[in-house]
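S.K.: Attaching a single structure in structure tokens format; questions to follow.
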Amino acid sequence: MSWFSKGFEEAEAQAASSGGFIRDFFLKNGEDVNGVRILDDESINIRAHFVKGKGWFTCIHGIDDEGCPLCEAGNKAQNQFVFNVIDPREYTDKNGKTHKNQVKLWRVGITLLRLLNKRRTTYGPYTTLLLNISKMGAGAWDIVAEKVEEYELGEGQELYEREEVLAPKSRKELLAVVNNSEAENDDDDDDDDDAASWRKS
Ligand SMILES: [Zn+2]
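If you're matching positions, the sequence shown starts at 41 in my numbering and goes up one per residue.
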């Protein structure tokens with residue numbers, strides 16, 4: 041990776057990868073979302089810690105010689121299998137701007153990944169599936185798939201570079217997260233409320 045990048049899209053990508061806002065795809069219990077599209081052929085598989093008020097942090101246990109401060113603090117890492125998806129839900133932000141079909145990151149667990157993989161085996165590659173997803177409760181999902189054309193990204197739709205946005209922070213940075221986990225969030229420049237439920241705690 042170079043020490044600089046050029047242009048607006050790269051600027052957005054950099055903002056997203058340097059601790060900026062990542063839109064997470066999230067369903068509440070009892071919620072249905074029809075028309076979800078997966079944009080990647082395969083998941084990226086990581087382990088990650090959830091820190092209240094701060095979001096997800098990729099676990100660094102076993103990556104280098106230094107231990108993971110979040111593991112050491114007793115925060116249990118979860119297996120996550122991560123995709124770019126299109127969220128077809130429409131919502132209006134606090135500035136009155138309406139958003140639809142945003143690219144988001146979907147972090148699924150093994151139960152859901154197995155279900156998705158079943159649909160893939162039956163119908164074809166993830167990127168050709170139109171998904172109607174229901175979350176009945178914690179860990180209880182139903183997914184109806186239909187094979188369609190591959191999704192074409194429109195204007196303003198950029199995939200997250202998962203290798204960048206999920207890249208682990210340094211031990212020093214994670215230590216700061218542990219020591220500072222009750223600290224106030226600065227609001228950055230994001231104006232998205234829908235996926236920010238974890239920020240409100
Ligand atoms: Zn860890």
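Built from N, CA and C at the ideal position, the CB exists for glycine as well.
(1) With a threshold of 16 other CB atoms inside 10 Å of the CB of Leu145, please say whether the residue is buried or exposed.
(2) Once the 5 residues before and after Ile86 are set aside, which same chain residues still bring their CB inside 6 Å of it?
(3) Taking Cβ positions, are Val122 and Ile78 nearer each other than 8 Å?
(4) Going by DSSP in three states, Val188 sits in which element: helix, strand or coil?
(5) What is the rounded straight-line gap between the Cα of Pro109 and the Cα of Glu50?
(6) Kindly indicate which three-state DSSP category Asp227 falls into: helix, strand or coil?
(7) Residues around ligand 1, please: the condition is that the C-beta lies closer than 5 Å to some non-hydrogen atom of it.
(8) Which residue wins for smallest C-alpha separation from Val73, given the options Asp105, Lys46, Leu170?
(9) Measuring CB to CB, does Ile126 end up less than 8 Å from Tyr200?
(10) Just the C-alpha distance for Leu193 and Asn220, rounded to the nearest angstrom, thanks.
M.R.: Considering the structure as presented:
(1) Taking the sequence shown and counting its residues from 1, the one referred to as residue 145 is at position 105. Label assigned to Leu145: buried.
(2) What you label residue 86 is simply residue 46 of the sequence shown in a count that begins at 1. Hits under 6 Å: Thr98, Gln120, Leu206.
(3) What you label residue 122 is simply residue 82 of the sequence shown in a count that begins at 1. What you label residue 78 is simply residue 38 of the sequence shown in a count that begins at 1. Contact flag unset, no.
(4) Locating residue 188 in the sequence shown gives position 148, where the first residue counts as 1. DSSP places Val188 in coil when its eight states are reduced to three.
(5) Within the sequence shown, the letter at position 69 stands for residue 109. Within the sequence shown, the letter at position 10 stands for residue 50. If I take the Cα positions, the gap works out to 31 Å.
(6) If you number the sequence shown from 1, residue 227 lands on position 187. At Asp227, the pLDDT of 44 sits below 50, so the modelled position is not reliable and the matter cannot be decided from this model.
(7) With 5 Å as the limit, the residues whose C-beta approaches any heavy atom of ligand 1 more closely are Cys99, His101, Cys108, Leu110, Cys111, Ala117, in sequence along the chain.
(8) Translated into positions along the sequence shown, residue 73 becomes position 33. Closest by alpha carbon: Leu170.
(9) The sequence position of residue 126 within the sequence shown is 86, counting from 1. The sequence position of residue 200 within the sequence shown is 160, counting from 1. Contact: no.
(10) As a working note, residue 193 is residue 153 in the sequence shown. As a working note, residue 220 is residue 180 in the sequence shown. In a straight line, the C-alpha of Leu193 is about 38 Å away from that of Asn220.
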